[in-house]
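Working notes for the structure below.
4 protein chains.
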Amino acid sequence: MSHNTFGHLFRVTTWGESHGPALGCVVDGCPPGLRFTLAELQVWLDKRKPGQSRFVTQRREDDLVKVLSGVMLDADGETMTTTGTPISMLIENTDQRSKDYGEIARQYRPGHADYTYDLKYGIRDYRGGGRSSARETAARVAAGGIARLVVPGVTVRGALVQIGKHKIDRSNWDWDQVGQNPFFSPDAAIVPVWEEYLDGIRKAGSSIGAVIEVIAEGVPAGLGAPIYSKLDQDIASLLMSINAVKGVEIGNGFAAAETSGEDNADEMRMGNDGTPIFLSNNAGGILGGISTGQPIVARFAVKPTSSILTERQSIDADGKNVDVRTKGRHDPCVGIRAVPIGEAMVACAIADHYLRDRGQTGRLK
Amino acid sequence: MSHNTFGHLFRVTTWGESHGPALGCVVDGCPPGLRFTLAELQVWLDKRKPGQSRFVTQRREDDLVKVLSGVMLDADGETMTTTGTPISMLIENTDQRSKDYGEIARQYRPGHADYTYDLKYGIRDYRGGGRSSARETAARVAAGGIARLVVPGVTVRGALVQIGKHKIDRSNWDWDQVGQNPFFSPDAAIVPVWEEYLDGIRKAGSSIGAVIEVIAEGVPAGLGAPIYSKLDQDIASLLMSINAVKGVEIGNGFAAAETSGEDNADEMRMGNDGTPIFLSNNAGGILGGISTGQPIVARFAVKPTSSILTERQSIDADGKNVDVRTKGRHDPCVGIRAVPIGEAMVACAIADHYLRDRGQTGRLK
Amino acid sequence: MSHNTFGHLFRVTTWGESHGPALGCVVDGCPPGLRFTLAELQVWLDKRKPGQSRFVTQRREDDLVKVLSGVMLDADGETMTTTGTPISMLIENTDQRSKDYGEIARQYRPGHADYTYDLKYGIRDYRGGGRSSARETAARVAAGGIARLVVPGVTVRGALVQIGKHKIDRSNWDWDQVGQNPFFSPDAAIVPVWEEYLDGIRKAGSSIGAVIEVIAEGVPAGLGAPIYSKLDQDIASLLMSINAVKGVEIGNGFAAAETSGEDNADEMRMGNDGTPIFLSNNAGGILGGISTGQPIVARFAVKPTSSILTERQSIDADGKNVDVRTKGRHDPCVGIRAVPIGEAMVACAIADHYLRDRGQTGRLK
Amino acid sequence: MSHNTFGHLFRVTTWGESHGPALGCVVDGCPPGLRFTLAELQVWLDKRKPGQSRFVTQRREDDLVKVLSGVMLDADGETMTTTGTPISMLIENTDQRSKDYGEIARQYRPGHADYTYDLKYGIRDYRGGGRSSARETAARVAAGGIARLVVPGVTVRGALVQIGKHKIDRSNWDWDQVGQNPFFSPDAAIVPVWEEYLDGIRKAGSSIGAVIEVIAEGVPAGLGAPIYSKLDQDIASLLMSINAVKGVEIGNGFAAAETSGEDNADEMRMGNDGTPIFLSNNAGGILGGISTGQPIVARFAVKPTSSILTERQSIDADGKNVDVRTKGRHDPCVGIRAVPIGEAMVACAIADHYLRDRGQTGRLK
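Protein chains in written order, with our numbering: chain A, 1 to 365; chain B, 1 to 365; chain C, 1 to 365; chain D, 1 to 365.
Encoded structure:
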């Protein structure tokens, strides 16, 4: 399992399990001189933390992030300045209900990593999913909070665009709505539909998948690499690394398969101010692996939560047939909390490519 | 552009432009003792090479691969045995029509990397797309030919499953059909439909997108990593690195968003022979980033060829508005030739993870 | 500063400054199923910790290591078993005397990283040297403690072989002596000489350099790589990464320059038990970058502590000439405490190459 | 053997054996817009090529380098401009005397990689040492030729400073002498001494070791990284990767062990022109892993050529005792031809750190 790090110059290493004392990450390569407060960083973790509505898991974790290294504190006792050294962040696990894991410790829950972890490692921390728990993503969100500081002027925002078969009406898109409902929906009209739909799923102890869209604006043109480590490739790779993600698209994505060359071409014209203008953005802001200066658009599909109340057939570690029913506090739609995680991954990819382009210390800023 | 390498223990570095003397790759980390002939390797390149039907570009390249290092030749003068040292392979560019690049050298063709390369590097090899030419993928296919030798018993096969809105009927899936038609279609029934459809597009000088599916069978369980460098993440990353790819799916992919937890669960039972059996494969053969032993299933969407005969609005390197029309020999649907490329990428990802799991020299084989 | 990680499959990321709340490391890639207690791990940190004799700094740090992730605790509450997930370790900084850093915050101490850090980053944590403090090496020693568990049967031991011009008599070499004196000397006879010599240096507020030798026994043959990432290269690289190290040797090292081909050849004969025997070990256990099965022998030179009481000419951050005199608690010979650090680095390099050879989970063990 | 690449942003991958059709390298990450001619590149290869005096091997190789990708040719047909894409370079093996390798194919020559390669890989290209042949270093020298173009104003020069016990008189150091004798000696006075000494060794079929010093001037301050990937660490690592190297030093190196803190301190003063001046350079131009702007000074020790005419005891692949005597054309002192190789390695390390600091495209130049 020697691959808990991502990034080439902006490097993030995460560690920790669901039920250990803490989890966290080390952000290596952050340029010096960036300033932030703990409160500003906590905002991102609060977006992801559980228990914020009846549509997400009722596990209660404060997810308070601590910064252990890599910064100097101002005289105000609040503002931190990065020094260029590795930033170690830690989040304590506070809601570890002691319980009898007897059964779950041996059973392979369908859709979970139980079977493959045991197969590969011969040992597995079964408590709350161990390393495969979505709690790991709290560390990603913390890292994303630092990444957002790296590229001046960049805004990375995500939204939920589909739950089950219910898609938003894109003509209703309003970023201001995203913070106004428990789904990160940019379409106010679909909120009651989703509420009713998810209430049904939740009460049935079932779950459902979702699609998230992340848009990064203000990304300088010229970030990326032509062949391998394309900017879109690295974004896709990081989104695909999120638990439960099964598909990733850039720009018009799979719809490109049904599009003609004429319609797919993002035509250009010189603007009145002498800067080039793209007349459309089917490419999702990236051509040949390199950013164009347009908004970067990525989408990813999240499968339904594997933990459900309905019995499913499976086997256990002793090779016996069992019927598994996962009790406990689960997200009926993990896609909701995946919104800030997707944002964090896109922010990290952009920060990494920015530093590759501009240098370790981001001097050109 | 310091990222022309992929893989962690099975590492591939590609080099070369469309119109230079040659292109090629170095495959580093191939275990010793694997045996093959040049003819066996050439099979994969022949699948990808241009000019094989009226539905692909009429550029004529033999794409004959040479092996310059990393092997010892048997007394038969044909069979090579890998020694564990880097395998350098080279493919000459033979069809470089000399022509006047005057206009194209300055114009930014919509959908191509022209604009972003110039922006990032300030210089660009405009001949045939230079480094961004799909010719680079010949080197990937050669590397994939070596990768196929690494894991005993693995079969990696691809097929075209959609052109434009025309999808195959999956109940017709027959691997034997794939080699019998110019589209790598596993569904014989759709071949005449695609022929007529693509003839129209070809004659109009237009182009269309496509979807490819790659399936790897015989992959040992236990390959992959839990968090970053998940096997599905690495497959998605490599598929996304192929020119013109805009979306990637594993298993049921985006359809997972519309699926309930009950339906999505791949249930298990112990087989009569004492080995575990999965009753379905929504996961696409990977759970928690680690292979389950089931077939690995990946799909990717390719956008329509950007080079079309219809004029599109753009700008040139001098910041002037121009109308671009790309003459020359182009693929009406680049997705067709992407089939062997996708296979190669999946084969490389599996070989890499096999060596991470079993060690540099693949001793456990 | 995006390079606080080393290793390819056994990867160590360290973080932390001298005067922050804590420092630590994440050990990624440790195979599952290794067992240890905190007390066993602490042994290595105790070897390195300050204040153990009058010949090392009197700073008082307990350097108690905590394990935050990557293990499961036995019912005995003491024994831990690695799960294959990243092992996060943390050491609190307890002896952070609050003091006025006014002068030192602006002055560039000769031999220290003050000047270059300010030049590169424009900001610098001047408290106790910040990131450049030798306290960072506590994290390395913790990582080395884990590395020692990876390869069965390996023993990695270090000794001080030279202080100033005073070299040990190699014919007196006795490993049992190493733990019996404050210098890690394998030669009991030199201990009083070094005591008197170092007392003089200490009282004068001066400092002196040293040479350390590390020997690894029981290393399986076949670890390493032929060209880049040679085992000796990776050992040299890690030893050179230790603060204050200015030279590294493998086997007979610089003496090889004065040796003839006849004398340098390590001749071989088949042993009576049918295994090959080397008749000498000028190579230091590595041929062509790959371990031979003989003991691996590495030496490194440490410069004198830069912090001395004598005034030295320098400049400050404002470009003014200053005379610097470093008060405080310093090691008269940092080479002494470099012994366990050198051991840790060699242990990590061997563990990494073992996993490259045998695979991520070390299955062949 | 998955590690034939070095560098992080300026990446070099070498390939090829002694007796295959060719060897070469791919230089990835070279910034765009650098200009050179093939003749300028060939100069460096000519410095390394065999057969130039009676003191080096009489094997005859022209070592003509070809550039296959990554450049555009000027109208003059000579000047090339880098485009930022990977530069593939190839050198043909022309002097492959066909001979009977019967004995040598099975015998393990002492000091060579024969034993360890067979042990690790179970197969070995015994022709001329295969991959472990010093011919591999021709590719390094070609890469170094490109690296020299990356950092404006940098000069990297090497010299032989010791053969056997015969050291140069450093007070005679004259760079102009280096090109005037067959030893790359900067001290004219020692040339006749070395001639007579080496003639004796050559005629006896023996060999002797040497020490090489490489000095890089004009390196900008601020290159490097504080903890791992220190500039001196990366230089040491690359020098140690050269065949037959057993020791590496930076600045005063092992002599630092015998130096007091007072003497070792490189004092500073502000110069009349307002720039800081170092009054000495014990540090070898690097403090805390980061360049100071002073000349970078590195030394490395090369063991005597293992191929000698005197019989040495060894074993063969069948586990039988044999006496090995290596006939053929060998260097009596491989250290001589190591001078341009050492230069190349230092140039590559500097180029890599320059790009890490300034960005992929070296924009700040």
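From the three backbone atoms N, C-alpha and C, an ideal C-beta is built for every residue, glycine too.
Since we're looking at a predicted model, the values are computed, not measured.
Specify the secondary structure class of residue i as computed by DSSP and reduced to three states.
i	result
phenylalanine 254 of chain B	helix
valine 12 of chain A	strand
serine 206 of chain C	coil
glycine 24 of chain D	strand
glutamate 343 of chain D	helix
lysine 365 of chain A	Below a pLDDT of 50, predicted positions are generally treated as unreliable, and lysine 365 of chain A, at 38, falls in that range; the measurement from the model is reported next regardless. Of the three classes helix, strand and coil, the one that applies to lysine 365 of chain A here is coil, per DSSP.
methionine 1 of chain C	Low local confidence applies: a pLDDT of 43 at methionine 1 of chain C is under 50, so the model's placement there is unreliable, and no value is given.
isoleucine 215 of chain B	strand
valine 154 of chain B	coil
glycine 247 of chain A	strand
valine 322 of chain D	strand
glutamate 61 of chain C	coil
Could you give the distance in angstroms between the alpha-carbon of residue i and the alpha-carbon of residue j?
i	j	result
alanine 257 of chain D	valine 248 of chain D	14 Å
valine 191 of chain A	asparagine 172 of chain A	12 Å
glutamine 360 of chain C	arginine 356 of chain B	5 Å
threonine 82 of chain D	valine 302 of chain B	31 Å
methionine 80 of chain D	aspartate 169 of chain C	59 Å
aspartate 46 of chain C	valine 141 of chain C	10 Å
phenylalanine 368 of chain A	glycine 284 of chain A	Residue 368 of chain A is absent from the model: chain A starts at 1 and stops at 365.
isoleucine 123 of chain C	serine 133 of chain C	16 Å
lysine 66 of chain D	leucine 119 of chain B	29 Å
serine 185 of chain A	glutamate 196 of chain A	15 Å
glutamine 107 of chain C	alanine 255 of chain D	27 Å
serine 280 of chain D	proline 295 of chain A	53 Å
arginine 383 of chain B	aspartate 95 of chain B	The requested residue 383 of chain B does not occur in the structure, where chain B is confined to residues 1 to 365.
Name, please, each residue of chain C whose Cβ falls closer than 7 Å to the Cβ of residue i.
i	result
leucine 238 of chain A	By Cβ distance, chain C contributes nothing, its closest Cβ being about 17 Å from leucine 238 of chain A, past 7 Å.
So, is residue i buried or exposed, given that buried needs 16 or more other C-beta atoms within 10 angstroms?
i	result
tryptophan 175 of chain C	exposed
valine 150 of chain A	buried
alanine 347 of chain B	buried
glutamine 180 of chain C	exposed
aspartate 74 of chain B	exposed
glycine 289 of chain A	buried
leucine 223 of chain D	buried
threonine 14 of chain A	buried
Anything in chain B within Cβ reach of residue i, meaning under 9 Å, just list it in chain order.
i	result
threonine 361 of chain D	Met1, Lys120, Tyr121 and Gly122
Residues of chain C with a CB under 9 Å from the CB of residue i: which are they?
i	result
arginine 11 of chain A	Ser2, His3, Asn4, Thr5 and Thr13
Can you name the residues of chain D whose CB is closer than 9 Å to the CB of residue i?
i	result
aspartate 357 of chain A	Gly359, Gln360, Thr361 and Arg363
glutamine 313 of chain C	Ala265, Glu267, Met268, Arg269 and Leu279
Cβ closer than 8 Å: which chain C residues qualify as neighbours of residue i?
i	result
threonine 310 of chain D	Gly261 and Glu262
Given that residue i touches chain B, what residues does it touch there, using C-beta distances under 8 Å?
i	result
methionine 72 of chain D	Ile123 and Asp125
alanine 347 of chain D	Under the 8 Å cutoff, chain B gives no residues; its nearest Cβ is about 16 Å from alanine 347 of chain D.
Determine the chain D residues that contact residue i at a beta-carbon separation under 7 Å, and present them in chain order.
i	result
glutamine 162 of chain C	Ala257
Residues in the stretch 96-130 of chain A with C-beta within 9 Å of chain C's C-beta atoms, listed in sequence order?
Tyr117, Lys120, Tyr121, Gly122, Ile123, Arg124, Asp125, Arg127 and Gly130
Selection of the stretch 220-249 of chain C by Cβ proximity to chain D, strictly under 7 Å
Ala221, Gly222, Ala225, Pro226, Ile227, Tyr228, Ser229, Lys230, Asp232, Gln233, Ala236, Ser237, Met240, Ser241, Lys246, Gly247, Val248 and Glu249
Selection of the stretch 254-267 of chain D by Cβ proximity to chain C, strictly under 9 Å
Phe254, Ala255, Ala256, Ala257, Glu258, Thr259, Ser260, Gly261, Glu262, Asp263, Asn264, Ala265, Asp266 and Glu267
Taking only beta carbons into account, state which residues of the stretch 52-82 of chain D come closer than 9 Å to chain C, listed in chain order.
none
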